[in-house]
Amino acid sequence: MFQRVMKTCLAVAVASASSQALANGLAINEQSASGAGTAFAGRSSSALDSSTIYGNPAGLARLKRAEVSGGIAMVKADVDISNVNSTAQGSNKGDMVPLAHVPFGYYAKPINDEWAFGLGVYVPFGVISDYEKSFQGSSHGLYSSVRVVTIQPTVSYAFNDRVSIGFGPTFNRIDGKLTNTLATSQMGAPSDTLVNIKGDDTAMGFNVGIMASLTDRTTVGATYHSKVKYQLEGRTKISGSPMGMFDGEMDAKLDITMPESLDLSVTHQLDDRWTLYAGGVWTRWSRLEGIEARNSNPVSPRFTTISEELNWENTWSFSVGTAYQLNPQWVLRSGLALDPSPTSNAHRNVRIPVGNRKIFTLGAGWSPNADVTLDLAYAYLWENTASVHQKAGSEIAPGVLLKQEYNAKYDNSAHGLTAQLTYRF
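All letters in the sequence shown, in the order written, are residues -23 to -1, 1 to 402 by mature numbering (1 follows the signal peptide of the UniProt record, and there is no 0).
Written out as C-alpha coordinates, the structure reads:
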(Lines of atoms letter the chains of each structure in order from A and count residues from 1; the text may use other names and numbers.)
(Lines give C-alpha, C1' and ligand atoms only; values in the text may rest on other atoms or scores of the structure.)
Protein backbone atom coordinates (compact mmCIF):
# COMPACT_ATOMS: atom_id res chain seq x y z
CA MET A 1 0.00 0.00 0.00
CA PHE A 2 2.71 2.46 1.02
CA GLN A 3 4.57 1.69 -2.17
CA ARG A 4 1.58 2.43 -4.35
CA VAL A 5 0.46 5.48 -2.44
CA MET A 6 3.84 7.19 -2.38
CA LYS A 7 4.49 6.50 -6.03
CA THR A 8 1.08 7.55 -7.13
CA CYS A 9 0.78 10.86 -5.36
CA LEU A 10 4.32 12.14 -5.36
CA ALA A 11 4.93 10.90 -8.91
CA VAL A 12 2.24 13.03 -10.47
CA ALA A 13 -0.52 10.63 -9.74
CA VAL A 14 0.16 7.44 -11.55
CA ALA A 15 -3.48 7.20 -10.76
CA SER A 16 -6.93 7.47 -12.21
CA ALA A 17 -6.23 10.69 -14.09
CA SER A 18 -7.46 9.07 -17.27
CA SER A 19 -10.69 8.05 -15.62
CA GLN A 20 -11.95 11.58 -16.09
CA ALA A 21 -9.66 12.97 -18.79
CA LEU A 22 -10.10 12.39 -22.50
CA ALA A 23 -6.56 11.13 -23.03
CA ASN A 24 -5.18 7.85 -21.75
CA GLY A 25 -2.46 7.17 -19.22
CA LEU A 26 -2.20 10.29 -17.07
CA ALA A 27 -2.32 12.85 -19.88
CA ILE A 28 -5.09 15.41 -20.38
CA ASN A 29 -6.21 16.57 -23.83
CA GLU A 30 -8.47 19.42 -22.79
CA GLN A 31 -6.44 22.46 -23.85
CA SER A 32 -8.73 23.67 -26.65
CA ALA A 33 -12.40 23.53 -27.67
CA SER A 34 -11.67 24.23 -31.33
CA GLY A 35 -9.39 21.17 -31.40
CA ALA A 36 -11.70 19.03 -29.27
CA GLY A 37 -14.42 19.11 -31.93
CA THR A 38 -12.27 16.99 -34.27
CA ALA A 39 -10.96 14.69 -31.48
CA PHE A 40 -7.73 16.72 -31.72
CA ALA A 41 -6.97 15.29 -35.15
CA GLY A 42 -4.80 17.77 -37.03
CA ARG A 43 -3.76 19.49 -33.82
CA SER A 44 -0.15 19.96 -34.96
CA SER A 45 -1.04 20.93 -38.54
CA SER A 46 -3.68 23.60 -37.86
CA ALA A 47 -3.55 27.06 -36.32
CA LEU A 48 -7.23 27.75 -35.64
CA ASP A 49 -6.53 30.17 -32.76
CA SER A 50 -3.99 30.93 -30.04
CA SER A 51 -4.45 27.46 -28.51
CA THR A 52 -1.88 26.46 -31.15
CA ILE A 53 0.63 27.51 -28.47
CA TYR A 54 0.06 24.03 -27.01
CA GLY A 55 -0.95 22.16 -30.18
CA ASN A 56 1.97 23.41 -32.28
CA PRO A 57 3.87 26.58 -31.34
CA ALA A 58 4.88 26.94 -35.01
CA GLY A 59 1.28 27.88 -35.80
CA LEU A 60 1.60 31.08 -33.78
CA ALA A 61 3.31 32.87 -36.69
CA ARG A 62 0.30 32.06 -38.90
CA LEU A 63 -2.15 34.09 -36.82
CA LYS A 64 -2.70 37.47 -38.49
CA ARG A 65 -4.05 39.42 -35.49
CA ALA A 66 -3.46 39.63 -31.78
CA GLU A 67 -5.94 37.58 -29.78
CA VAL A 68 -6.82 36.21 -26.38
CA SER A 69 -8.55 32.88 -25.97
CA GLY A 70 -9.73 31.02 -22.93
CA GLY A 71 -12.12 28.33 -21.86
CA ILE A 72 -12.92 25.40 -19.66
CA ALA A 73 -13.62 21.69 -20.10
CA MET A 74 -15.97 19.72 -17.87
CA VAL A 75 -15.73 15.93 -17.76
CA LYS A 76 -18.11 13.52 -16.01
CA ALA A 77 -17.01 9.89 -15.80
CA ASP A 78 -19.13 6.80 -15.18
CA VAL A 79 -17.37 3.80 -13.61
CA ASP A 80 -19.01 0.42 -13.13
CA ILE A 81 -17.22 -2.19 -10.98
CA SER A 82 -18.19 -5.86 -11.27
CA ASN A 83 -16.89 -9.43 -10.76
CA VAL A 84 -15.21 -8.48 -7.50
CA ASN A 85 -13.09 -11.10 -5.76
CA SER A 86 -11.24 -9.89 -2.70
CA THR A 87 -9.94 -10.94 0.72
CA ALA A 88 -11.24 -7.63 2.09
CA GLN A 89 -14.76 -6.61 3.03
CA GLY A 90 -16.56 -3.49 1.84
CA SER A 91 -18.49 -1.92 -1.03
CA ASN A 92 -17.83 -1.28 -4.72
CA LYS A 93 -20.05 1.61 -5.78
CA GLY A 94 -17.75 2.67 -8.59
CA ASP A 95 -18.83 6.31 -8.45
CA MET A 96 -15.29 7.50 -7.71
CA VAL A 97 -14.76 10.37 -10.16
CA PRO A 98 -16.48 13.67 -9.36
CA LEU A 99 -17.19 16.28 -12.02
CA ALA A 100 -13.80 17.55 -13.23
CA HIS A 101 -13.02 21.07 -14.48
CA VAL A 102 -10.00 21.80 -16.68
CA PRO A 103 -9.32 25.51 -17.48
CA PHE A 104 -6.99 26.97 -20.14
CA GLY A 105 -6.04 30.39 -21.53
CA TYR A 106 -3.80 31.84 -24.27
CA TYR A 107 -2.51 35.17 -25.62
CA ALA A 108 -1.01 35.65 -29.10
CA LYS A 109 0.64 38.74 -30.61
CA PRO A 110 2.18 39.05 -34.10
CA ILE A 111 5.36 41.14 -33.87
CA ASN A 112 5.94 41.52 -37.61
CA ASP A 113 5.49 39.43 -40.76
CA GLU A 114 7.92 36.79 -39.50
CA TRP A 115 7.86 36.77 -35.70
CA ALA A 116 5.09 36.19 -33.20
CA PHE A 117 4.90 35.91 -29.41
CA GLY A 118 2.45 34.02 -27.24
CA LEU A 119 1.73 32.91 -23.70
CA GLY A 120 -0.29 29.88 -22.64
CA VAL A 121 -1.58 28.56 -19.32
CA TYR A 122 -3.04 25.05 -19.32
CA VAL A 123 -3.28 21.73 -17.45
CA PRO A 124 -1.37 18.86 -19.13
CA PHE A 125 -1.87 16.31 -16.32
CA GLY A 126 -4.46 15.92 -13.57
CA VAL A 127 -6.38 13.50 -11.38
CA ILE A 128 -9.27 13.48 -8.97
CA SER A 129 -10.80 10.25 -7.72
CA ASP A 130 -12.74 9.68 -4.54
CA TYR A 131 -13.87 6.15 -3.62
CA GLU A 132 -16.40 5.67 -0.82
CA LYS A 133 -14.85 5.14 2.64
CA SER A 134 -16.02 1.51 2.67
CA PHE A 135 -14.43 0.73 -0.71
CA GLN A 136 -13.30 -2.89 -0.77
CA GLY A 137 -10.01 -2.02 -2.44
CA SER A 138 -9.22 0.97 -0.21
CA SER A 139 -5.90 -0.52 0.89
CA HIS A 140 -4.76 0.06 -2.72
CA GLY A 141 -6.29 3.52 -3.11
CA LEU A 142 -9.02 5.68 -1.58
CA TYR A 143 -8.65 9.35 -2.57
CA SER A 144 -6.41 10.97 -5.22
CA SER A 145 -6.06 14.60 -6.22
CA VAL A 146 -3.19 15.85 -8.37
CA ARG A 147 -2.89 18.91 -10.59
CA VAL A 148 -0.14 20.05 -12.95
CA VAL A 149 -0.36 23.66 -14.16
CA THR A 150 1.91 24.78 -17.01
CA ILE A 151 2.90 28.28 -18.11
CA GLN A 152 4.40 28.43 -21.60
CA PRO A 153 5.85 31.61 -23.16
CA THR A 154 6.33 30.99 -26.88
CA VAL A 155 8.02 32.50 -29.94
CA SER A 156 7.35 31.52 -33.53
CA TYR A 157 9.11 32.36 -36.78
CA ALA A 158 7.78 32.08 -40.35
CA PHE A 159 10.49 31.53 -42.96
CA ASN A 160 7.91 32.22 -45.67
CA ASP A 161 4.24 31.59 -46.39
CA ARG A 162 4.89 27.83 -46.35
CA VAL A 163 7.10 26.95 -43.37
CA SER A 164 7.14 28.14 -39.76
CA ILE A 165 8.73 26.94 -36.52
CA GLY A 166 7.98 27.59 -32.87
CA PHE A 167 9.49 27.04 -29.45
CA GLY A 168 8.32 27.52 -25.88
CA PRO A 169 9.87 26.64 -22.51
CA THR A 170 7.38 25.23 -20.04
CA PHE A 171 7.26 25.99 -16.33
CA ASN A 172 5.37 23.20 -14.61
CA ARG A 173 3.95 23.19 -11.08
CA ILE A 174 2.63 19.98 -9.56
CA ASP A 175 0.87 19.39 -6.27
CA GLY A 176 -1.03 16.37 -5.07
CA LYS A 177 -2.71 14.55 -2.23
CA LEU A 178 -3.59 10.89 -1.87
CA THR A 179 -5.05 8.79 0.94
CA ASN A 180 -5.77 5.12 1.54
CA THR A 181 -6.05 2.65 4.41
CA LEU A 182 -4.20 -0.20 6.03
CA ALA A 183 -5.85 -3.60 6.10
CA THR A 184 -6.25 -6.07 8.96
CA SER A 185 -5.68 -9.78 8.47
CA GLN A 186 -7.98 -10.92 11.29
CA MET A 187 -11.24 -9.54 9.91
CA GLY A 188 -10.28 -9.11 6.26
CA ALA A 189 -11.35 -5.46 6.32
CA PRO A 190 -9.57 -2.09 6.33
CA SER A 191 -8.74 -0.65 9.73
CA ASP A 192 -9.19 2.98 10.73
CA THR A 193 -5.56 3.59 9.81
CA LEU A 194 -5.28 6.39 7.27
CA VAL A 195 -2.25 7.06 5.09
CA ASN A 196 -2.09 10.64 3.80
CA ILE A 197 0.52 11.65 1.24
CA LYS A 198 1.28 15.16 -0.04
CA GLY A 199 3.98 16.34 -2.42
CA ASP A 200 4.86 19.17 -4.81
CA ASP A 201 7.56 20.45 -7.13
CA THR A 202 8.29 22.87 -9.97
CA ALA A 203 10.24 21.81 -13.06
CA MET A 204 11.01 22.97 -16.59
CA GLY A 205 10.53 21.42 -20.00
CA PHE A 206 9.84 22.68 -23.51
CA ASN A 207 7.57 22.34 -26.56
CA VAL A 208 8.85 22.74 -30.11
CA GLY A 209 7.10 22.41 -33.44
CA ILE A 210 7.26 22.82 -37.19
CA MET A 211 4.40 23.43 -39.62
CA ALA A 212 4.70 23.23 -43.40
CA SER A 213 2.17 23.81 -46.19
CA LEU A 214 2.95 21.26 -48.90
CA THR A 215 0.32 22.78 -51.19
CA ASP A 216 -2.28 25.51 -50.90
CA ARG A 217 -4.66 22.92 -49.43
CA THR A 218 -2.42 20.49 -47.52
CA THR A 219 -0.47 21.25 -44.33
CA VAL A 220 1.60 18.91 -42.18
CA GLY A 221 2.94 19.49 -38.71
CA ALA A 222 4.97 17.96 -35.91
CA THR A 223 5.05 18.91 -32.24
CA TYR A 224 7.43 17.57 -29.62
CA HIS A 225 6.49 17.91 -25.94
CA SER A 226 9.63 17.26 -23.92
CA LYS A 227 10.08 15.04 -20.90
CA VAL A 228 9.94 16.82 -17.55
CA LYS A 229 12.11 15.74 -14.64
CA TYR A 230 10.61 16.23 -11.20
CA GLN A 231 12.39 16.03 -7.86
CA LEU A 232 9.45 15.97 -5.52
CA GLU A 233 9.48 16.69 -1.82
CA GLY A 234 6.60 15.95 0.50
CA ARG A 235 5.55 14.00 3.51
CA THR A 236 3.92 10.73 4.43
CA LYS A 237 1.55 10.87 7.41
CA ILE A 238 0.12 7.79 9.09
CA SER A 239 -2.64 8.07 11.68
CA GLY A 240 -4.91 5.66 13.54
CA SER A 241 -2.70 2.57 13.24
CA PRO A 242 -3.20 -0.21 15.84
CA MET A 243 -1.83 1.02 19.18
CA GLY A 244 -0.25 3.90 17.24
CA MET A 245 2.63 1.65 16.16
CA PHE A 246 3.10 3.43 12.80
CA ASP A 247 1.62 6.84 13.59
CA GLY A 248 3.80 9.76 12.59
CA GLU A 249 5.18 11.71 9.64
CA MET A 250 8.03 10.96 7.24
CA ASP A 251 9.77 13.39 4.92
CA ALA A 252 9.70 11.97 1.40
CA LYS A 253 11.75 12.58 -1.74
CA LEU A 254 11.23 11.07 -5.17
CA ASP A 255 12.76 11.55 -8.62
CA ILE A 256 10.56 10.92 -11.63
CA THR A 257 10.65 11.79 -15.32
CA MET A 258 7.34 12.42 -17.04
CA PRO A 259 7.31 11.11 -20.62
CA GLU A 260 7.87 13.01 -23.83
CA SER A 261 5.41 12.83 -26.73
CA LEU A 262 5.45 13.45 -30.47
CA ASP A 263 2.35 14.64 -32.34
CA LEU A 264 2.28 14.18 -36.14
CA SER A 265 -0.70 15.34 -38.16
CA VAL A 266 -1.99 16.47 -41.55
CA THR A 267 -4.74 18.91 -42.55
CA HIS A 268 -6.24 18.84 -46.03
CA GLN A 269 -8.83 21.30 -47.34
CA LEU A 270 -11.00 19.49 -49.86
CA ASP A 271 -12.80 22.63 -51.01
CA ASP A 272 -14.13 25.87 -49.61
CA ARG A 273 -16.39 24.00 -47.18
CA TRP A 274 -14.80 20.66 -46.24
CA THR A 275 -11.54 20.15 -44.31
CA LEU A 276 -10.11 16.77 -43.27
CA TYR A 277 -7.76 16.10 -40.35
CA ALA A 278 -5.69 13.09 -39.28
CA GLY A 279 -3.03 12.58 -36.66
CA GLY A 280 -1.06 10.25 -34.43
CA VAL A 281 0.57 10.81 -31.04
CA TRP A 282 3.43 8.72 -29.70
CA THR A 283 3.98 8.83 -25.94
CA ARG A 284 6.99 7.33 -24.19
CA TRP A 285 5.14 5.85 -21.21
CA SER A 286 7.97 3.36 -20.68
CA ARG A 287 9.70 6.07 -18.66
CA LEU A 288 7.32 5.00 -15.89
CA GLU A 289 8.87 1.56 -15.70
CA GLY A 290 9.58 1.86 -12.00
CA ILE A 291 9.64 4.41 -9.20
CA GLU A 292 11.56 4.63 -5.95
CA ALA A 293 10.66 6.87 -3.02
CA ARG A 294 13.09 7.68 -0.23
CA ASN A 295 11.78 8.47 3.27
CA SER A 296 13.82 10.17 5.97
CA ASN A 297 13.04 9.70 9.69
CA PRO A 298 10.93 6.61 8.80
CA VAL A 299 8.35 5.39 11.30
CA SER A 300 9.75 1.90 10.63
CA PRO A 301 12.96 0.75 8.91
CA ARG A 302 10.68 -1.06 6.46
CA PHE A 303 9.71 2.29 4.94
CA THR A 304 13.16 3.79 4.42
CA THR A 305 12.98 3.04 0.70
CA ILE A 306 9.77 2.28 -1.15
CA SER A 307 9.90 0.99 -4.72
CA GLU A 308 7.61 -0.70 -7.22
CA GLU A 309 7.64 -1.62 -10.89
CA LEU A 310 4.92 -0.19 -13.14
CA ASN A 311 5.96 -1.65 -16.51
CA TRP A 312 4.06 0.90 -18.57
CA GLU A 313 4.48 0.64 -22.33
CA ASN A 314 4.84 3.23 -25.09
CA THR A 315 1.65 3.95 -27.03
CA TRP A 316 0.45 5.36 -30.33
CA SER A 317 -2.97 7.03 -30.38
CA PHE A 318 -4.72 7.95 -33.63
CA SER A 319 -7.52 10.32 -34.58
CA VAL A 320 -9.39 11.52 -37.65
CA GLY A 321 -11.76 14.44 -37.98
CA THR A 322 -13.59 16.74 -40.33
CA ALA A 323 -14.89 20.32 -40.40
CA TYR A 324 -17.67 21.74 -42.55
CA GLN A 325 -17.96 25.51 -43.12
CA LEU A 326 -21.72 25.90 -43.15
CA ASN A 327 -21.58 29.65 -43.78
CA PRO A 328 -19.25 32.54 -42.83
CA GLN A 329 -20.52 32.42 -39.25
CA TRP A 330 -20.72 28.69 -38.51
CA VAL A 331 -18.29 25.77 -38.77
CA LEU A 332 -19.32 22.22 -37.75
CA ARG A 333 -16.83 19.57 -36.61
CA SER A 334 -16.67 15.86 -35.77
CA GLY A 335 -13.93 13.37 -34.91
CA LEU A 336 -13.01 9.87 -33.75
CA ALA A 337 -9.96 8.81 -31.73
CA LEU A 338 -8.47 5.46 -30.71
CA ASP A 339 -6.37 5.73 -27.56
CA PRO A 340 -4.74 2.61 -26.07
CA SER A 341 -3.98 2.19 -22.38
CA PRO A 342 -0.29 2.18 -21.41
CA THR A 343 -0.92 -0.54 -18.83
CA SER A 344 -2.16 -4.12 -19.06
CA ASN A 345 -4.25 -6.59 -17.05
CA ALA A 346 -1.10 -7.79 -15.31
CA HIS A 347 -0.19 -4.35 -13.96
CA ARG A 348 -3.44 -2.34 -13.85
CA ASN A 349 -4.54 -1.11 -10.41
CA VAL A 350 -7.50 0.67 -8.80
CA ARG A 351 -5.87 4.05 -9.42
CA ILE A 352 -5.60 3.49 -13.18
CA PRO A 353 -8.53 1.15 -13.99
CA VAL A 354 -8.53 2.09 -17.67
CA GLY A 355 -8.63 0.06 -20.86
CA ASN A 356 -8.24 0.83 -24.54
CA ARG A 357 -10.58 3.67 -25.32
CA LYS A 358 -12.51 5.17 -28.19
CA ILE A 359 -13.64 8.81 -28.30
CA PHE A 360 -16.34 10.32 -30.52
CA THR A 361 -16.66 14.11 -30.72
CA LEU A 362 -18.93 16.78 -32.13
CA GLY A 363 -18.15 20.48 -32.23
CA ALA A 364 -19.14 23.86 -33.61
CA GLY A 365 -17.61 27.30 -33.96
CA TRP A 366 -19.69 30.47 -34.16
CA SER A 367 -18.19 33.77 -35.34
CA PRO A 368 -20.80 36.55 -35.23
CA ASN A 369 -18.11 38.89 -36.57
CA ALA A 370 -14.42 38.85 -37.44
CA ASP A 371 -13.37 39.68 -33.86
CA VAL A 372 -15.15 37.00 -31.82
CA THR A 373 -15.43 33.21 -32.03
CA LEU A 374 -17.23 30.89 -29.62
CA ASP A 375 -16.24 27.21 -29.87
CA LEU A 376 -18.12 24.32 -28.26
CA ALA A 377 -17.31 20.61 -28.30
CA TYR A 378 -18.90 17.46 -26.90
CA ALA A 379 -17.08 14.15 -26.46
CA TYR A 380 -18.23 10.67 -25.51
CA LEU A 381 -15.61 8.18 -24.37
CA TRP A 382 -16.00 4.45 -23.84
CA GLU A 383 -13.48 1.75 -22.99
CA ASN A 384 -13.00 -1.96 -23.28
CA THR A 385 -13.61 -3.81 -20.02
CA ALA A 386 -10.47 -3.51 -17.90
CA SER A 387 -9.38 -6.12 -15.34
CA VAL A 388 -7.69 -5.16 -12.08
CA HIS A 389 -5.58 -7.68 -10.16
CA GLN A 390 -4.14 -6.34 -6.89
CA LYS A 391 -2.15 -8.79 -4.80
CA ALA A 392 -2.14 -9.01 -1.02
CA GLY A 393 0.86 -7.64 0.83
CA SER A 394 2.87 -9.12 3.65
CA GLU A 395 2.21 -8.36 7.31
CA ILE A 396 4.07 -5.38 8.73
CA ALA A 397 2.88 -6.28 12.23
CA PRO A 398 0.72 -9.08 13.67
CA GLY A 399 -2.71 -8.67 12.08
CA VAL A 400 -1.75 -5.63 9.98
CA LEU A 401 -1.31 -5.90 6.20
CA LEU A 402 -0.03 -3.40 3.70
CA LYS A 403 -2.89 -4.36 1.38
CA GLN A 404 -5.55 -6.98 0.76
CA GLU A 405 -6.03 -8.95 -2.44
CA TYR A 406 -8.48 -7.22 -4.79
CA ASN A 407 -9.66 -8.36 -8.22
CA ALA A 408 -12.40 -6.69 -10.25
CA LYS A 409 -13.58 -5.63 -13.70
CA TYR A 410 -14.03 -1.95 -14.60
CA ASP A 411 -16.29 -0.60 -17.33
CA ASN A 412 -15.57 3.09 -17.86
CA SER A 413 -17.19 5.81 -19.94
CA ALA A 414 -17.23 9.59 -19.82
CA HIS A 415 -18.95 12.66 -21.21
CA GLY A 416 -16.95 15.84 -21.89
CA LEU A 417 -18.04 19.38 -22.72
CA THR A 418 -15.55 22.10 -23.67
CA ALA A 419 -16.22 25.80 -24.30
CA GLN A 420 -13.80 28.45 -25.56
CA LEU A 421 -14.10 32.16 -26.36
CA THR A 422 -11.60 33.92 -28.64
CA TYR A 423 -11.33 37.69 -29.05
CA ARG A 424 -9.14 39.27 -31.75
CA PHE A 425 -7.92 42.86 -31.78
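Virtual Cβ for every residue (Gly too), placed ideally from N, Cα, C.
Contact holds between the region 53 to 70 and the region 109 to 125, because three or more Cβ pairs, one in each stretch, are under 8 Å apart. For PRO75, the secondary structure class from DSSP, reduced to helix, strand or coil, is coil. Of the residues assessed, ASP352 falls on the buried side of the cut-off, its CB having 16 or more other CB atoms within 10 angstroms. Listed in chain order, the beta strand (DSSP E) runs fully inside the region 118 to 178 are 120 to 135, 140 to 161, counting runs of at least 3 residues. Here MET51 carries a strand assignment [DSSP, helix/strand/coil].
Close CB contacts of LEU398 within its chain, under the 6 Å cut and outside five residues either way in sequence, are with LEU351 (chain order). DSSP lists ASP177, LYS230 as the bridge partner or partners of GLU210. With 16 or more other CB atoms across the displayed protein chains lying within 10 angstroms of its CB, GLU382 is buried.
In this structure ASP388 does not touch ASP107 by the C-beta definition: roughly 19 Å separates them, more than the 8 Å allowed. Of the candidates ALA385, LEU315, LYS386, ALA347, the residue whose Cα lies closest to the Cα of ALA356 is LEU315. Burial is judged here by how many other beta carbons sit within 10 angstroms of a residue's own beta carbon; LYS110 has fewer than 16 and is exposed. In this model, VAL349 and GLN302 are separated by some 16 Å (Cα to Cα). Residue pairing by DSSP puts GLN397 in a beta bridge opposite GLY48, ASP352. For ILE30, the three-state secondary structure derived from DSSP is helix. Beta bridge pairing from DSSP links HIS366 with ASN384. Linking THR338 to ALA374 through their CA atoms gives a straight-line distance of about 51 Å. Put simply, the backbone Cα of PRO219 is about 59 Å away from that of LEU25.
When DSSP assignments are scanned along the region 298 to 333, the uninterrupted stretches of beta strand (DSSP E) that are 3 or more residues long and fall wholly within it turn out to be 307 to 316. Assigned with DSSP and collapsed to three states, PRO278 falls in helix. If you look at SER263, you'll find it isn't in any beta strand (DSSP E); DSSP assigns it neither H nor E. Note that the C-beta distance between ALA354 and GLY14 is below 9 Å. In the structure shown, the three-state DSSP call for LEU37 is helix.
Listed in chain order, the alpha helix (DSSP H) runs fully inside the region 80 to 104 amount to none, counting runs of at least 4 residues. DSSP places ALA24 outside both helix and strand once states are collapsed to three, so it counts as coil.
By the neighbour-count criterion, in which 16 or more other beta carbons inside 10 Å mark a residue as buried, ILE336 falls on the buried side.
Note on PRO319: 16 or more other CB atoms within 10 angstroms of its CB, so buried under the neighbour-count rule. The alpha-carbon separation between LEU231 and GLY267 amounts to approximately 12 Å. One thing to note: GLY36 has its Cβ no nearer than 9 Å to the Cβ of MET227.
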